[in-house]
Amino acid sequence: MGEPAAEFLSHGEVVFESCRVPYENLLGSEGAGFAIAQQRLGPGRIHHCMRWIGICERAFSLMCARAATRELAPGRALGHRQIVQEWIADSRAEIHASRLMVLHAAERIESHGLYESREEISIIKYYVANVLQRVLDRAIQTHGALGITDLTPLAYWYRHERGARIYDGPDEVHKTVVARRALRAHGLDVR
Ligand SMILES: Cc1cc2nc3c(=O)[nH]c(=O)nc-3n(C[C@H](O)[C@H](O)[C@H](O)COP(=O)(O)OP(=O)(O)OC[C@H]3O[C@@H](n4cnc5c(N)ncnc54)[C@H](O)[C@@H]3O)c2cc1C
Numbered sequence: 112m113g114e115p116a117a118e119f120l121s122h123g124e125v126v127f128e129s130c131r132v133p134y135e136n137l138l139g140s141e142g143a144g145f146a147i148a149q150q151r152l153g154p155g156r157i158h159h160c161m162r163w164i165g166i167c168e169r170a171f172s173l174m175c176a177r178a179a180t181r182e183l184a185p186g187r188a189l190g191h192r193q194i195v196q197e198w199i200a201d202s203r204a205e206i207h208a209s210r211l212m213v214l215h216a217a218e219r220i221e222s223h224g225l226y227e228s229r230e231e232i233s234i235i236k237y238y239v240a241n242v243l244q245r246v247l248d249r250a251i252q253t254h255g256a257l258g259i260t261d262l263t264p265l266a267y268w269y270r271h272e273r274g275a276r277i278y279d280g281p282d283e284v285h286k287t288v289v290a291r292r293a294l295r296a297h298g299l300d301v302r
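According to our numbering, the sequence shown is numbered sequentially starting from 112.
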């Protein structure tokens with residue numbers, strides 16, 4: 112992944128063939144690698160959410176600055192339009208909700224451990240990833256053509272952070288975790 116101009120400085124796919132690991136280099140017991148990799152995903156996901164909230168805040172700030180300064184006519188800034196105000200208000204509320212949900216998940220991890228916090232982690236994973244996508248989209252729309260150039264960081268984030276809804280479990284998988292648990296409480300065992 113990545114771009115040729117940046118020498119693909121992003122993620123690569125690693126294939127191990129006939130790979131031998133010296134016994135003293137084993138992390139954990141033999142055959143337990145997948146379980147260890149899975150364990151990293153809980154803290155990894157909440158870390159991504161915190162990073163996405165930071166990107167949302169920067170995009171929000173750029174959106175407001177653009178709405179306040181771009182004039183559609185002399186003395187009539189873009190921010191006078193009610194639809195732009197709605198984008199700003201919705202973004203503010205969604206970023207705030209994301210931050211409180213992530214804080215709650217962090218508190219839950221601290222008090223109950225990762226395993227008991229699976230649902231909270233799944234919820235923030237898809238919720239914040241979608242907030243990020245919406246906030247970036249609104250910020251780009253507010254910038255017009257400028258928004259899809261690389262003269263602001265918005266287009267870069269939009270391209271690169273679209274993966275948020277895919278990696279560490281796509282939205283659909285995390286939503287299944289949450290829905291399955293809710294349905295189980297009503298006697299429906301969905302597998
Ligand atoms: C930026 C980035 C970083 C990554 N980093 C890592 C890493 O560090 N380690 C690692 O192991 N992998 C990593 N991945 C891989 C990532 O985990 C997979 O891309 C992801 O799990 C989806 O698998 P896939 O790409 O094979 O898509 P597929 O499995 O082909 O899924 C395609 C689509 O089908 C849908 N789907 C999939 N499963 C279900 C389901 N159960 N129910 C309903 N719908 C479903 C989803 O919409 C999904 O996007 C990374 C990917 C990206 C984009």
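Each residue gets a CB set at the ideal place from its N, CA and C atoms; glycine is no exception. Just so you know, these numbers come straight off a predicted model, no measurement behind them.
Residue j beta carbon less than 8 Å from that of residue i
| i | j | result |
| --- | --- | --- |
| Tyr237 | Lys286 | yes |
| Arg219 | Ser233 | no |
| Val213 | Cys160 | yes |
| Ala178 | Gly190 | yes |
| Ser202 | Arg249 | yes |
| Cys167 | Ile206 | yes |
| Leu137 | Ile147 | no |
| Leu243 | Glu272 | yes |
| Glu221 | Val288 | no |
| Asp279 | Gly155 | yes |
Supposed contact pair residue j and residue i - C-beta distance, whole angstroms, cut 8 Å
| i | j | result |
| --- | --- | --- |
| Asn241 | Arg276 | 7 Å |
| Gly274 | Ala266 | Not confirmed; about 15 Å, so no contact. |
| Arg181 | Ala170 | Not really, about 16 Å apart at Cβ, beyond 8 Å. |
Residues sharing a beta bridge with residue i, DSSP
| i | result |
| --- | --- |
| Ala184 | Arg187 |
Would you mind listing the alpha helix (DSSP H) stretches within the segment 185-227 that are 4+ residues and don't spill past its ends, in chain order? 193-223
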